[in-house]
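K.L.:
Got a structure here, written out as structure tokens. Questions coming.
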Amino acid sequence: MDFLKNRNIFSFMYGGIPAHKCSKRVDVSENEYELITTYYFDSGLKFTNIAKKHKRSGAYEWVNYLENIGTENTELITELWDCDVELPFSYCPPTGPSPWFPSIEQNTYVLNPYGSEGRDETDFYSHLNGGGHNKNFLLNNSKSFKYAPIGGRSSEGTAPFFNIHERGKGYIVAVGWTGQWNAQISREENAVRFKSKIEDTEFVLFPGEKIRTSSVVILPYEATVEESQNLWRDLIKNEFSPLTDRIDHLPLCAGFWGGLESDKIIDRISLLDKYEIPVENVWIDAGWAGKDTLPTSNEYEGDWADHVGDLTISPFVHKNGLVDVSNKIKESGRNFILWFEPERVRLRTDLVKEHPEYLISQEGTRNFLLDLGNEEAFNYCLALLTEKIDTLKIDWYRQDFNFRPLPYWRSKDTENRKGITEIKHIMGLYRLWDTLLERFPKLMIDNCASGGNRIDIETLKRSVPLWRSDAQCPANPDPEVTQAHNMNFSLWTPFSATSPGRIYDTYTIRSAYGPAMTSNYLYSSTENFGDTDEHVSWFKKHCEEYLSIRKYFLGDIYHLTEPKRDLSAWCATQWTLDDEGMIQIFKRENSSYLTAAFKLRNIDKSKNYLFTDLDGGDFCLSGKELCEKGFTVTITEARVAKIFTYKKI
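See below:
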């Protein structure tokens, strides 16, 4: 706990004066793993810092709460840095311009992943081996970088995760705020200074008002960058994720368009039963909501999008209100995932006319924001979701969020209240999810937001991104992009998933194998699953194959190649789980190489290993040979996906 006690870890100005210089009383409560420090300012501001150390990982975490316990408004609070901390590093002498490219072995640098924008292979990309974008060198004193997302969703454009590394040691830092965070990293003489906050805040608090700030998690380590990312994965898996207390594993899903009539969805679930397809969850997507919404054969038809925000189940699409669909799902022994988008309300919905006070508008758009910081709007939303989850026996609540809220929040802020609308909305979001998780002890939350645009440490505590990027929305997504995403996202979140689309192709579906997977071969009316025995047997075979190796995705990850889309390259990843593991290898269509040798990690030179080729055949290799020569694979054909499992013998 000395890390927390012996340094400043936040900062702000109070009435134009640095907070640490203001007159105040301080109360401290601590035990081995928690430190609570409360500051009572003379003018009624109560500032509480709740910090803790995680026992397993040694990571530090804190969040601040501000409350006005007086009878008048507080002084103006400005420059509120929820985290403002010096991270010890070696001495950094002043340096000037140099003709030499900086050395990754000698200099301090920052790895920060791109956000998820659903465009290409760069979603959540951060290069571990030098070069590449978003890898910033802190070469000298006062060198600094600034980071922020786009538009108020926490991982759009830039994700709130940072690995600050220098010569075998460093810190992984994560900002916990599902809105518009801001971070600055600068090199000082004997430290790296990390600052993070909610962007553009300047406010007073009214009497009785209480808010929270963004949180921060800091994981110190002594390891390579590659090893440190696995330490981070372990922290998320074992100390943060809701998965461990609620379910044993992430699901293999079958997706269905919600605009299909109930009888069509039920018929398709019956096909899963008939052919004994081992799908575990039925995922019903958008298209079911809105009192006037008409049936549609797929997501590109109809006006269903104009009804977003109306959570009435369409009687024209589902005459029994999805109850018969839910019953069929339960009878088949599967779990139910249902899509919602409660925060976005479209112009033609009744809520706009009946309760405009629940909404924040923005001139020139047809979208309204349901204000979760408004108590009545919050209660309205909570009641609707509770009723749906309870009545339909929903196992996974999927929350989407398909627009940028930042201009809405800022348009509602008033003088001396900058940032308050956003703060209260995000507090409402956390309260909404926490309440649902408390009311339904086995419920899981799938966090979408246009595919991966709200991934941060606070959402990872409460949810899993089962659709991490909209790059896989087409029926024929780019498998090389999917391969890169599996490598990129897995460095920062051990639990995420995607889809192979609707192509019956082994290379494509193996590209989508991950901690979870959603198949869309029965998704819409354009998919005629069951018409050919070949497609049925192919799908069943690959579902069984996937389930046989799913456990490995929760192990440690090692990139054996770079996570890029280059069609002339090979792509390979190793997953290790104690004394066993798995290797995924993709030889792409334009590769001119027949053979590749890969340097495997965590191999015992004194032992032998039994390898199994999922396409058939076992073979043994010595640890000595693997360490000295590598794992050598020859593939004569183009565009081939290979998977090998192995175990120590």
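Those letters in the sequence shown? Residues 99 to 747, per this note's numbering, in order.
All C-beta atoms, glycine included, are put in the ideal place defined by N, C-alpha and C.
Small disclaimer: the values here were computed from a predicted structure and weren't measured.
Consult DSSP for N586 and reduce its assignment to one of helix, strand or coil.
P.N.:
For this step, residue 586 is matched to residue 488 along the sequence shown. Helix.
K.L.:
Check whether the stretch 332-349 touches the stretch 138-158, taking contact to mean three or more Cβ pairs, one atom from each stretch, closer than 8 Å.
P.N.:
Touching, yes.
K.L.:
Identify the continuous alpha helix (DSSP H) that holds N465 and give its terminal residues.
P.N.:
In the sequence shown, the residue the question calls residue 465 occupies position 367. Counting along the chain, N465 falls outside any alpha helix (DSSP H), though it belongs to the beta strand (DSSP E) covering 465-468.
K.L.:
Going by DSSP, what residue range makes up the beta strand (DSSP E) through F434?
P.N.:
Locating residue 434 in the sequence shown gives position 336, where the first residue counts as 1. Unbroken beta strand (DSSP E) run through F434: 433-438.
K.L.:
Starting from the C-beta of N106, find all residues in its chain whose C-beta is less than 6 Å away, skip the five residues before and the five after it, and write them out in chain order.
P.N.:
For the purposes of this step, residue 106 is taken as residue 8 along the sequence shown, with counting starting at 1. There are no such residues.
K.L.:
With hydrogens ignored, establish whether the beta-carbon of D221 is closer than 7 Å to any heavy atom of the ligand SAH.
P.N.:
Only the bare structure without any ligand can be found here, which leaves the ligand SAH out of the picture.
K.L.:
Taking only three categories from DSSP, how would you classify F709?
P.N.:
Taking the first residue of the sequence shown as 1, we reach residue 709 at position 611. DSSP places F709 in strand when its eight states are reduced to three.
K.L.:
Classify Y611 as helix, strand or coil using the three-state DSSP reduction.
P.N.:
For the purposes of this step, residue 611 is taken as the residue at position 513 of the sequence shown. Note: Y611 maps to coil in three-state DSSP.
K.L.:
Tell me whether the beta-carbon of E184 lies closer than 8 Å to the beta-carbon of R291.
P.N.:
What you label residue 184 is simply residue 86 of the sequence shown in a count that begins at 1. What you label residue 291 is simply residue 193 of the sequence shown in a count that begins at 1. It is a contact, given that the beta carbons lie within the stated cut-off.
K.L.:
Could you check the C-alpha separation between Y605 and D218 for me, to the nearest Å?
P.N.:
Taking the first residue of the sequence shown as 1, we reach residue 605 at position 507. Taking the first residue of the sequence shown as 1, we reach residue 218 at position 120. When rounded, the distance between both Cα atoms is 18 Å.
K.L.:
Taking the straight line between their C-alpha atoms, what separation do you get for V126 and L133?
P.N.:
Along the sequence shown, one-based indexing puts residue 126 at 28. Along the sequence shown, one-based indexing puts residue 133 at 35. If I take the Cα positions, the gap works out to 7 Å.
K.L.:
Helix, strand or coil for W494 per DSSP?
P.N.:
Taking the first residue of the sequence shown as 1, we reach residue 494 at position 396. In the structure shown, W494 sits in a strand (DSSP, three-state: E or B).
K.L.:
Check for me: the alpha helix (DSSP H) holding R344 runs from which residue to which?
P.N.:
Reading the sequence shown from its first residue, position 246 is the one you call residue 344. Looking at the DSSP string, the run of the alpha helix (DSSP H) that includes R344 is 341-344.
K.L.:
Give me, in chain order, the residues of the same chain whose beta-carbon lies closer than 6 Å to that of F729; leave out the 5 immediate sequence neighbours on both sides.
P.N.:
Position 631 of the sequence shown, counted from the start, is the residue given in the question as residue 729. Excluding sequence neighbours, F729 sits near F696, L698.
K.L.:
If we ignore side chains and look at the alpha-carbon of each, how far apart do T748 and L483 end up?
P.N.:
This structure cannot settle anything about residue 748, because the visible part of the chain is limited to 99 through 747.
K.L.:
Can you give me the C-alpha to C-alpha distance between P563 and S121, rounded to a whole angstrom?
P.N.:
Taking the first residue of the sequence shown as position 1, residue 563 is located at position 465. Taking the first residue of the sequence shown as position 1, residue 121 is located at position 23. Distance between the alpha carbons of P563 and S121: 45 Å.
K.L.:
Is the stretch 591-602 touching the stretch 566-577 in the sense that three or more CB pairs, one from each, lie closer than 8 Å?
P.N.:
Touching, yes.
K.L.:
Does DSSP put W531 in a helix, a strand or coil?
P.N.:
Stepping through the sequence shown from its first residue, residue 531 is reached at position 433. Here W531 sits in helix by DSSP.
K.L.:
Are the stretch 636-650 and the stretch 715-729 in contact at 8 Å, needing three or more beta carbon pairs?
P.N.:
Not touching, per the Cβ criterion.
K.L.:
Compare the C-alpha of H118 against each of D100, E130, F139 and name the closest.
P.N.:
Here residue 118 refers to the residue found at position 20 of the sequence shown. The shortest C-alpha separation from H118 is found at F139.
K.L.:
Could you check the C-alpha separation between S326 and I262 for me, to the nearest Å?
P.N.:
To locate residue 326, count along the sequence shown from 1; it is residue 228. To locate residue 262, count along the sequence shown from 1; it is residue 164. Rounded to the nearest angstrom, the two C-alpha atoms are 10 Å apart.
K.L.:
Report yes if the CB atom of F466 is closer than 8 Å to the CB atom of L480, and no otherwise.
P.N.:
Here residue 466 corresponds to residue number 368 of the sequence shown, with the count starting at 1. Here residue 480 corresponds to residue number 382 of the sequence shown, with the count starting at 1. Going by C-beta atoms, F466 is not nearer than 8 Å to L480.
K.L.:
Roughly how far, in whole angstroms, is the beta-carbon of M585 from the beta-carbon of T671, given that I think they are within contact range, below 8 Å?
P.N.:
As a position in the sequence shown, residue 585 is number 487, starting the count at 1. As a position in the sequence shown, residue 671 is number 573, starting the count at 1. Their Cβ separation, rounded to whole angstroms, is 6 Å, which keeps M585 and T671 in contact under 8 Å.
K.L.:
At a cut of 8 Å, does the stretch 638-647 reach the stretch 415-428 through at least three beta carbon pairs?
P.N.:
No, the stretch 638-647 is not in contact with the stretch 415-428.
K.L.:
Is the stretch 441-448 in contact with the stretch 424-433, if contact means three or more CB pairs nearer than 8 Å?
P.N.:
Cβ pair count under 8 Å is below three, so no.
K.L.:
Using the Cα positions of L409 and Q570, report the straight-line distance between them to the nearest angstrom.
P.N.:
Numbered from its first residue, the sequence shown carries residue 409 at position 311. Numbered from its first residue, the sequence shown carries residue 570 at position 472. Whole-angstrom Cα-Cα distance: 26 Å.
K.L.:
Between the beta-carbon of F684 and the beta-carbon of A739, is there less than 8 Å?
P.N.:
Residue mapping note: residue 684 aligns to position 586 of the sequence shown, counting from 1. Residue mapping note: residue 739 aligns to position 641 of the sequence shown, counting from 1. Closer than 8 Å, so yes.
K.L.:
Can we say the stretch 343-356 touches the stretch 369-389, given the rule of at least three CB pairs closer than 8 Å?
P.N.:
As far as the Cβ criterion goes, the stretch 343-356 touches the stretch 369-389, which means the pair count is three or higher.
K.L.:
Where does A117 sit, in a helix, a strand or coil, going by DSSP?
P.N.:
Along the sequence shown, one-based indexing puts residue 117 at 19. A117: helix per DSSP, three-state reduction.
K.L.:
Rounded C-beta distance between E764 and A149? I'm assuming under 8 Å.
P.N.:
What is shown of the chain runs 99 to 747, which leaves residue 764 out entirely.
K.L.:
E215 and G268 - do their beta-carbons sit closer together than 8 Å?
P.N.:
Your numbering for residue 268 matches position 170 in the sequence shown. Your numbering for residue 215 matches position 117 in the sequence shown. Taking 8 Å as the Cβ cut-off, G268 and E215 do not qualify as a contacting pair.
K.L.:
Along the chain, which unbroken stretches of the beta strand (DSSP E) at least 3 residues long are found entirely within the stretch 338-413?
P.N.:
For the stretch 338-413, whole beta strand (DSSP E) runs of length 3 or above, ordered along the chain, are 350-354, 379-382.
K.L.:
From N162, P258, T169, E173, pick the residue whose C-alpha is nearest to that of L209; which is it?
P.N.:
As a first step, residue 209 is located in the sequence shown; it is residue number 111 there, counting from the start. Comparing Cα positions, the closest option is P258.
K.L.:
Can you give the Cα-Cα distance for N514 and V302, rounded to whole angstroms?
P.N.:
In the sequence shown, counting from the first residue as 1, residue 514 sits at position 416. In the sequence shown, counting from the first residue as 1, residue 302 sits at position 204. The straight-line gap from Cα to Cα measures roughly 6 Å.
K.L.:
Y621 and R600: beta carbons closer than 8 Å?
P.N.:
Locating residue 621 in the sequence shown gives position 523, counting from the first residue. Locating residue 600 in the sequence shown gives position 502, counting from the first residue. Cβ atoms of Y621 and R600: closer than 8 Å.
K.L.:
Using the C-alpha atoms, what's the distance from Q278 back to V579?
P.N.:
Indexing the sequence shown from 1 puts residue 579 at position 481. Indexing the sequence shown from 1 puts residue 278 at position 180. Each residue's Cα considered, the two are about 27 Å apart.
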